[in-house]
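Take a look at the structure below.
Number of protein chains: 2
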Amino acid sequence: MAQSQSSAQRRPQTKVLALSGGVGGAKLALGLARTLPADDLHVLVNTADDFQHLGLHISPDIDTLLYTLSDQANAMQGWGLAGETFHALDALGRLGGDTWFRLGDKDLATHLLRSSALAQGLTLSEVTRTLVQRMGIQSHVHPMSDDAVRTIVHTGTGALPFQHYFVREQCGPAVAGFEFEGIKRARPNAEVLGLLAAPGVACIVICPSNPYVSIDPILQVPGLWHALRDCAAPVLLVSPIVAGMAIKGPAAKMMAELGVPVTAAAVAEHYCSRYPGLVDYFLIDETDGKLAADIARLPLEVAVTSTVMKTLQDKQALAQFVLKLAQER
Amino acid sequence: MAQSQSSAQRRPQTKVLALSGGVGGAKLALGLARTLPADDLHVLVNTADDFQHLGLHISPDIDTLLYTLSDQANAMQGWGLAGETFHALDALGRLGGDTWFRLGDKDLATHLLRSSALAQGLTLSEVTRTLVQRMGIQSHVHPMSDDAVRTIVHTGTGALPFQHYFVREQCGPAVAGFEFEGIKRARPNAEVLGLLAAPGVACIVICPSNPYVSIDPILQVPGLWHALRDCAAPVLLVSPIVAGMAIKGPAAKMMAELGVPVTAAAVAEHYCSRYPGLVDYFLIDETDGKLAADIARLPLEVAVTSTVMKTLQDKQALAQFVLKLAQER
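Residue numbers (the working numbering), protein chains in the order written: chain B, 1 to 329; chain L, 330 to 658.
Here's what the structure looks like:
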């Protein structure tokens, strides 16, 4: 019908695609979820941290998103579920099993459900969709790929699978570089590719996640960063480095070990050199305001706001700032 | 050395091999474990109840033995661990997962350890040995086979995998027969075969377990019942039916549904007709003393004692009776 067609054509671009790793990214994703109309937020999540452990398929970043968006996350701890118990893990320890990865009892349910569904032939996207629905989450959560990609951290003392570096070794060894095993054969998330090809996307937000081990794997899935760049919607990157520190995680430590200045400016350079033409706006924290002029020499626009998200209000305020910036473009 | 050789030749037969299913069998196994010197008890356990659930390999009868022999069993409940919690299962239920099999949090540790070890290529015997050691159990616990055997219960309403019949349907459907999938290809436990071929076995005890779904699968592993029969040690069978009832489980209900009289005598006939020459002594409870003359027409000797095991003392008393009977032979 002409009427409907005309409405469809006039339909504003309302969808937001956020790229996220774990905790830092999930904070902004939650802010976006609480700001946008239900159904408009799509989060594309790093799965290069995924690993097999005790026969289970564990997707740490997806779970952080799921738990955060369903208000189940343990905010104090920064990982896992609120009100969690560790009876299974304690029993496993008494049996001499591996306990370095802190699997909670409730958390185990997620891994059991995912692992058995994958064993039955479902894809990671399908299982994630089921978990999203069953946790009552309104937003969409997409793994970057249904194919296995595994981050290997090269360190002074050898190569380590990511979770061994991150959890077991608590990021101790100095990093020398990163490798994403399987990435060349990985196919990008089909639903997100479809979203990017359609006209409904208002903006793309790169959340304040680790550039090296959270966002790089997503962008290096073949075809993905070009699809993001070629989409008409603006790409906004929120700096994960504030005042020379990472709010959470090893990003700052990694930059120092890689010989990169630990500054928001170096983050911007990382993206501009690796993914030219991708980022339109770079959001830095007001404590880094003095860097704005320096960063502005790069081919992107700089915006300054408060990017540190402690409260839900902070998260929503940053989300609103991001959305307004994209709209005003 | 002549001296040692002579000692070795004089070494008494001290080892006891017990055949067991779950709860009923584990009670007598515990009595035997507490009566015999450490290291002398070997328990050969039914694994036809094993199943894959939520991607885990679950061995209910082996676990009942492990938990009972390590004093961790929930005696009140008759299954699982004492002081157990169900946080993972509750979370799984909230996610829409299957919760009919009541997996406790501590119990999950056993299944995770076993499943991941099997996935790494270890055999069920090897994994069981590890669990025995780590639970501080002095006795030996052997799966009847490392190969998969799965009991199918034929009922009036169709065929059911054993745990679906036993746990999910709570033994509701009337049974018409049993099938042990995979049993023709199953190889018997090698260590137990070795034990039976060596001269050290004092007696073989068939614990008061379900004849149809606990002991039949063990005896029908190719080669096993012949090896038991051909071993010089006497075979003593403890009736699982007392005063027309099963102390635990569906044995009596199954007998009635199969059109078999629910008596200890019918149990004896079952063994004599299926496994001629296997059983030397049949132990019935004193409340069934009146059946002794009737059963004595069968080619086995009948002994009467108290076979109902409520306390640890009961278990040890029955164990002592069994061992004395075998010794006096």
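Glycine is no exception: its CB is placed at the ideal position from the N, C-alpha and C atoms.
All values reported here derive from a predicted model rather than from experimental measurement.
Name the chain B residues whose beta carbon is nearer than 7 Å to that of residue 599 (chain L)?
-> Within chain B, no C-beta atom comes nearer than 7 Å to that of residue 599 (chain L); the closest sits roughly 38 Å away.
Just curious, the alpha helix (DSSP H) that residue 62 (chain B) is in, first and last residue?
-> 60-69 is the span of the alpha helix (DSSP H), which, as asked, contains residue 62 (chain B).
Per DSSP, residue 365 (chain L) is paired with what?
-> In the DSSP output, where bridge partners are listed per residue, residue 365 (chain L) has none listed.
What are the residues that DSSP puts in a beta bridge with residue 179 (chain B)?
-> Note: residue 179 (chain B) sits in a beta bridge opposite B:152.
Other residues of its chain near residue 140 (chain B): CB distance less than 6 Å, five sequence neighbours each side excluded | Non-local beta-carbon contacts of residue 140 (chain B) in its own chain, meaning distances under 6 Å to residues more than five positions away in sequence, involve 42 in chain order.
Apart from the five residues just before and just after residue 142 (chain B), which ones in its own chain have a Cβ nearer than 8 Å to its Cβ?
-> In its chain, beyond the 5 residues on either side, 42, 43, 44, 45, 125, 128, 189, 191, 192 have a beta carbon closer than 8 Å to the beta carbon of residue 142 (chain B).
Taking Cβ positions only, does residue 87 (chain B) come closer than 8 Å to chain L?
-> It does: the Cβ of residue 87 (chain B) has a partner Cβ on chain L nearer than 8 Å.
Please state whether DSSP places residue 300 (chain B) in a helix, a strand or coil.
-> It is coil, neither helix nor strand.
Chain L contact residues for residue 92 (chain B), given Cβ-Cβ distances below 8 Å = The CB of residue 92 (chain B) comes closer than 8 Å to the CB of 438, 441, 442 in chain L, given here in chain order.
When you compare only the Cα positions, how much space is there between residue 651 (chain L) and residue 504 (chain L)?
-> One C-alpha to the other measures close to 32 Å.
Identify the contact partners of residue 409 (chain L) in chain B, using a Cβ-Cβ distance below 8 Å as the criterion.
-> The contacting residues do not exist; residue 409 (chain L) stays about 12 Å from chain B at best.
What residues in its chain sit with their C-beta under 8 Å from that of residue 159 (chain B), if we drop five residues either side in the sequence?
-> Same-chain partners within the cutoff: 152, 153, 179.
For the putative contact between residue 87 (chain B) and residue 416 (chain L), defined by C-beta atoms under 8 Å, what is the C-beta separation to the nearest angstrom?
-> Taking C-beta atoms under 8 Å as the contact rule, residue 87 (chain B) and residue 416 (chain L) qualify, at a distance of about 7 Å.
Give every residue of the same chain whose Cβ lies closer than 8 Å to the Cβ of residue 308 (chain B), excluding the five residues on either side of it in the sequence, and list them in chain order.
-> Hits under 8 Å: 242, 247, 285, 314.
Considering only residues of the same chain and omitting the five flanking positions on each side of residue 540 (chain L), which have a CB-CB separation below 8 Å?
-> So the list reads 569, 580, 596, 599, 600, once near-sequence residues are dropped.
Can you list, in chain order, the stretches of the alpha helix (DSSP H) that have 4 or more residues and sit fully within the region 589-629 of chain L?
-> As far as the region 589-629 of chain L is concerned, its whole alpha helix (DSSP H) runs of at least 4 residues are 593-603, 621-624.
Nearest to residue 40 (chain B) (by Cα), restricted to the options B:115, B:203, B:91 = Taking the Cα of residue 40 (chain B) as reference, the smallest distance to any Cα among B:115, B:203, B:91 is reached at B:203.
Alpha carbon of residue 116 (chain B) to alpha carbon of residue 384 (chain L), nearest angstrom = Roughly 5 Å separates the two Cα atoms.
In the region 515-544 of chain L, which residue ranges form an unbroken alpha helix (DSSP H) of at least 4 residues, counting only runs that do not cross its ends?
-> With a minimum length of 4 residues, the continuous alpha helix (DSSP H) runs that stay inside the region 515-544 of chain L are 519-526.
Closer than 8 Å to chain B by CB, residue 450 (chain L) | Residue contact with chain B for residue 450 (chain L): absent (no Cβ-Cβ distance below 8 Å to any residue of chain B).
Could you tell me which residues DSSP puts in a beta bridge with residue 51 (chain B)?
-> B:58.
Whose CA, out of B:36, B:78, B:73, lies closest to the CA of residue 249 (chain B)?
-> That would be B:78, whose Cα lies nearest to the Cα of residue 249 (chain B).
Proximal chain L residues relative to residue 116 (chain B), where beta-carbon distance stays under 7 Å = Neighbours of residue 116 (chain B) on chain L, chain order: 383, 384.
Cross-chain neighbours of residue 463 (chain L) in chain B, by beta carbon under 7 Å = Neighbourhood of residue 463 (chain L) in chain B, by CB distance below 7 Å: 95, 96, in chain order.
Would you check if the distance between the CB atom of residue 654 (chain L) and the CB atom of residue 610 (chain L) is smaller than 8 Å?
-> Contact: yes.
Bridge partners of residue 471 (chain L), per DSSP?
-> Beta-bridge pairing links residue 471 (chain L) to L:373.
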